[in-house]
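Since the structure comes first, as structure tokens, the remarks are kept for the end.
In the working numbering, the protein residues as written are 57 to 467.
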């Protein structure tokens with residue numbers, strides 16, 4: 057029998073797993089065959105972000121949880137080779153942008169900075185320009201490389217002609233280089249299709265993880281119905297790639313309950329690295345961002361940099377996590393529950409903010425993002441009929457989560 061080394065034969069189960077992955081265009085190499093040289097975690101690959109031509113670190117910096125006096129975290133990421141820093145004007149009330157600006161002072165020509173702002177269907181171009189200029193002041197720069205319409209869950213926000221006029225003017229003035237759209241949950245596919253079909257974006261930032269990918273479940277189930285109810289992301293990401301639109305993935309940890317997985321990590325693999333490798337193995341994803349809150353986390357995440365396939369040690373971790381949390385996680389972008397609410401509650405968006413509070417343990421981020429939702433889950437406080445009960449095909453008890461989330465995030 058062929059062996060990975062003298063003492064570690066390949067078992068029949070692993071051969072089947074590898075065969076399944078090869079059929080999906082992936083591989084399942086042993087983790088240690090791809091160990092990083094020198095023992096220090098660093099960025100191992102830079103990817104071209106679509107037609108922008110920007111060369112960005114495949115594992116990049118998410119600043120959603122970055123507060124004041126955390127410049128050291130940003131500098132550590134930079135020292136490890138990370139060159140793409142993502143933030144937003146709403147993160148920590150602007151503290152995230154200010155911290156990134158201070159930490160990267162004198163390094164602007166060696167990094168790419170992306171920021172975001174929330175634009176409603178009725179906002180005007182002047183208010184958008186004021187928001188951008190405030191972000192530039194906090195960042196200490198005269199331009200951002202990518203400027204995103206943030207957390208889009210309504211096509212009308214993309215159809216607002218003022219956004220197009222604003223971005224055209226801002227580009228002419230050199231204040232932004234490229235335009236993007238970010239999306240997490242409700243009506244995600246509809247919004248992405250519109251943005252791509254109207255050539256409105258150069259980059260998309262989209263929630264994407266192994267728990268959303270039909271290919272992940274096809275390895276372990278024959279249920280076509282179950283797979284078919286997964287989000288339609290693969291088609292949209294393929295369309296973006298074909299049109300030269302850069303694709304950055306976020307929410308890559310499917311809820312980020314990392315401590316739950318520590319007892320099961322073996323062979324040098326961690327769950328976080330496994331989840332990141334799964335995303336980076338997609339030919340339709342250029343790079344990913346992940347919230348970075350300290351040196352150890354950065355070094356752990358960079359253990360996945362350079363990979364464009366999964367490792368054999370990853371599969372048991374991903375499967376276990378899916379079993380443990382699959383019934384408690386909202387699938388970002390799934391729209392099956394939207395029609396269940398007669399009051400128009402953005403169920404997926406509300407559950408996304410709940411994830412920040414419950415799974416991330418970040419109540420401030422959760423409240424900041426919840427405030428951006430129009431009305432949130434307020435109607436659920438007085439809804440006795442519970443029309444959303446049973447609306448989630450994955451078994452999430454929506455009717456028991458929405459009202460408590462509203463109370464938690466408005467207290």
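Ideal placement from N, C-alpha and C gives every residue a C-beta, glycine not left out. From a predicted model like this one, the values you see are computed outputs, not experimental measurements.
Does the region 321-336 come close enough to the region 358-372 to have 3 or more Cβ pairs within less than 8 Å?
yes
Start and end of the beta strand (DSSP E) containing residue 173?
Working through the chain shown from its first residue, we reach residue 173 at position 117. 168-173 is the span of the beta strand (DSSP E), which, as asked, contains residue 173.
So, for residue 407: in the same chain, excluding its five sequence neighbours on each side, which residues have a beta-carbon less than 6 Å away from its beta-carbon?
What you label residue 407 is simply residue 351 of the chain shown in a count that begins at 1. Answer for residue 407: 386, listed in chain order.
Could you tell me whether the region 242-262 touches the region 289-298, where touching means 3 or more Cβ pairs closer than 8 Å?
The region 242-262 vs the region 289-298: in contact.
Judging by CA-CA distance, which residue of 234, 203, 246, 200 is the nearest neighbour of residue 485?
An answer regarding residue 485 cannot be provided, because it is not within the stretch 57 to 467 covered by the chain.
Does residue 430 pass the burial test, meaning 16 or more other C-beta atoms within 10 Å, or should it be called exposed?
The residue given as residue 430 occupies position 374 in the chain shown. Classification for residue 430: exposed.
C-beta atoms of residue 240 and residue 226 nearer than 8 Å:
Reading the chain shown from its first residue, position 184 is the one you call residue 240. Reading the chain shown from its first residue, position 170 is the one you call residue 226. Taking 8 Å as the Cβ cut-off, residue 240 and residue 226 do not qualify as a contacting pair.
Out of 208, 183, 144, which has the shortest C-alpha to C-alpha gap to residue 118?
For the purposes of this step, residue 118 is taken as residue 62 along the chain shown, with counting starting at 1. Checked all of 208, 183, 144; the closest Cα to residue 118 is 144.
Nearest to residue 347 by CA position, among 425, 97, 115, is which residue?
On the chain shown, residue 347 is found 291 positions in, with the first residue counted as 1. Here the closest residue by C-alpha is 115.
Measuring CB to CB, does residue 302 end up less than 8 Å from residue 129?
As a first step, residue 302 must be located in the chain shown, where it is residue number 246. As a first step, residue 129 must be located in the chain shown, where it is residue number 73. No, the pair does not count as a contact, with Cβ atoms beyond the cut-off.
Rounded separation between residue 459 and residue 417 - CA only
Along the chain shown, one-based indexing puts residue 459 at 403. Along the chain shown, one-based indexing puts residue 417 at 361. Each residue's Cα considered, the two are about 19 Å apart.
For the beta strand (DSSP E) holding residue 142, just list the boundary residues, first then last.
Along the chain shown, read from residue 1 onward, the residue named residue 142 stands at position 86. Taken as a continuous stretch (DSSP letters only), the beta strand (DSSP E) holding residue 142 covers 140-142.
Of the listed residues 212, 157, 186, 152, nearest to residue 178 (C-alpha basis):
Within the chain shown, residue 178 is the residue found at index 122, counting from 1. Per the Cα distances, 212.
For residue 265, which residues from the same chain have a beta carbon less than 7 Å from its beta carbon, with the 5 sequence-adjacent residues on both sides left out?
Numbered from its first residue, the chain shown carries residue 265 at position 209. For residue 265, where only same-chain residues beyond five positions count, the Cβ hits under 7 Å are 307, 308, 309, 310, 331, 335.
So residue 249 and residue 292 are in contact, right, with Cβ under 8 Å, and what is the actual spacing, rounded?
By 1-based counting over the chain shown, the position of residue 249 is 193. By 1-based counting over the chain shown, the position of residue 292 is 236. That belief holds up - the Cβ atoms of residue 249 and residue 292 are roughly 6 Å apart, short of 8 Å.
Can you list the alpha helix (DSSP H) stretches of 4 or more residues lying completely in the region 190-244, in chain order?
211-215, 217-228
Candidates 194, 141, 452, 99: closest to residue 403 by CA position:
For the purposes of this step, residue 403 is identified with residue 347 of the chain shown, where counting begins at 1. Out of 194, 141, 452, 99, 452 has the C-alpha closest to the C-alpha of residue 403.
Based on the DSSP secondary-structure assignment, which residues constitute the bridge partners of residue 346?
For the purposes of this step, residue 346 is taken as residue 290 along the chain shown, with counting starting at 1. 117, per the DSSP bridge assignment.
Could you spell out the range, first to last residue, of the beta strand (DSSP E) harbouring residue 465?
Within the chain shown, numbered from 1, the residue matching residue 465 stands at position 409. Not the beta strand (DSSP E): residue 465 falls in the alpha helix (DSSP H), residues 458-466.
In the structure shown, what three-state DSSP assignment does residue 305 receive?
Counted from its first residue, the chain shown places residue 305 at position 249. Of the three classes helix, strand and coil, the one that applies to residue 305 here is strand, per DSSP.
C-beta contact flag for residue 480 and residue 164 at 8 Å
A question about residue 480 goes unanswered here, because the residues of the chain that appear run from 57 up to 467.
Any idea what DSSP makes of residue 104, helix, strand or coil?
As a first step, residue 104 is located in the chain shown; it is residue number 48 there, counting from the start. Looking at residue 104 - three-state DSSP - the assignment turns out to be strand.
Among the residues of its own chain, which have a CB less than 8 Å from the CB of residue 340, if the five just before and after it don't count?
The residue labelled residue 340 in the question sits at position 284 within the chain shown. Answer for residue 340: 290, 293, 294, 296, 297, 303, listed in chain order.
Hey, how far is the Cα of residue 357 from the Cα of residue 450?
Indexing the chain shown from 1 puts residue 357 at position 301. Indexing the chain shown from 1 puts residue 450 at position 394. Approximately 28 Å between the Cα atoms of the pair.
Using the DSSP secondary-structure output, state which residues sit across from residue 261 in a beta bridge.
Counting from one through the chain shown, the residue named residue 261 turns up at place 205. Paired residue(s): 238, 304.
Looking only at its chain, what residues have a beta carbon closer than 6 Å to the beta carbon of residue 153, apart from the 5 residues adjacent to it on each side?
Here residue 153 refers to the residue found at position 97 when the chain shown is read from its first residue. For residue 153, where only same-chain residues beyond five positions count, the Cβ hits under 6 Å are 143, 191, 194, 195.
What do you get for residue 322, buried or exposed, if any count of 16 or more other CB atoms within 10 angstroms of its CB means buried?
In the chain shown, the residue the question calls residue 322 occupies position 266. With fewer than 16 other Cβ atoms inside 10 Å of its own Cβ, residue 322 counts as exposed.
Element boundaries [alpha helix (DSSP H), containing residue 295]
In the chain shown, the residue the question calls residue 295 occupies position 239. Element bounds for residue 295: 289-298.
Nearest candidate by alpha-carbon position, reference residue 123, set 380, 186, 158:
As a working note, residue 123 is residue 67 in the chain shown. Here the closest residue by C-alpha is 158.
Would you decide whether residue 399 is buried or exposed? Buried here means 16 or more other CB atoms lie within 10 Å of its CB.
Here residue 399 corresponds to residue number 343 of the chain shown, with the count starting at 1. Exposed.
For residue 108, count the other beta carbons within 10 Å of its own beta carbon; 16 or more makes it buried, fewer makes it exposed. Which is it?
Stepping through the chain shown from its first residue, residue 108 is reached at position 52. With 16 or more Cβ atoms within 10 Å of its Cβ, residue 108 is classed as buried.
With DSSP run on the structure shown, which of helix, strand or coil describes residue 111?
For the purposes of this step, residue 111 is identified with residue 55 of the chain shown, where counting begins at 1. In the structure shown, residue 111 sits in a strand (DSSP, three-state: E or B).
Run the CB neighbour count on residue 105, radius 10 Å, all protein chains shown included, and call it buried at 16 or more, exposed below.
Here residue 105 refers to the residue found at position 49 of the chain shown. It counts as buried.
By how many angstroms is the C-alpha of residue 219 removed from the C-alpha of residue 206?
Within the chain shown, residue 206 is the residue found at index 150, counting from 1. Within the chain shown, residue 219 is the residue found at index 163, counting from 1. Answer to the nearest angstrom: the Cα atoms are 12 Å apart.
Locate the alpha helix (DSSP H) running through residue 132, then write down its first and last residues.
Numbered from 1 along the chain shown, position 76 holds the residue referred to as residue 132. Residues 127-135.
Could you check the C-alpha separation between residue 338 and residue 364 for me, to the nearest Å?
Counting from 1 along the chain shown, the entry for residue 338 is found at position 282. Counting from 1 along the chain shown, the entry for residue 364 is found at position 308. Straight-line Cα distance between these residues: approximately 7 Å.
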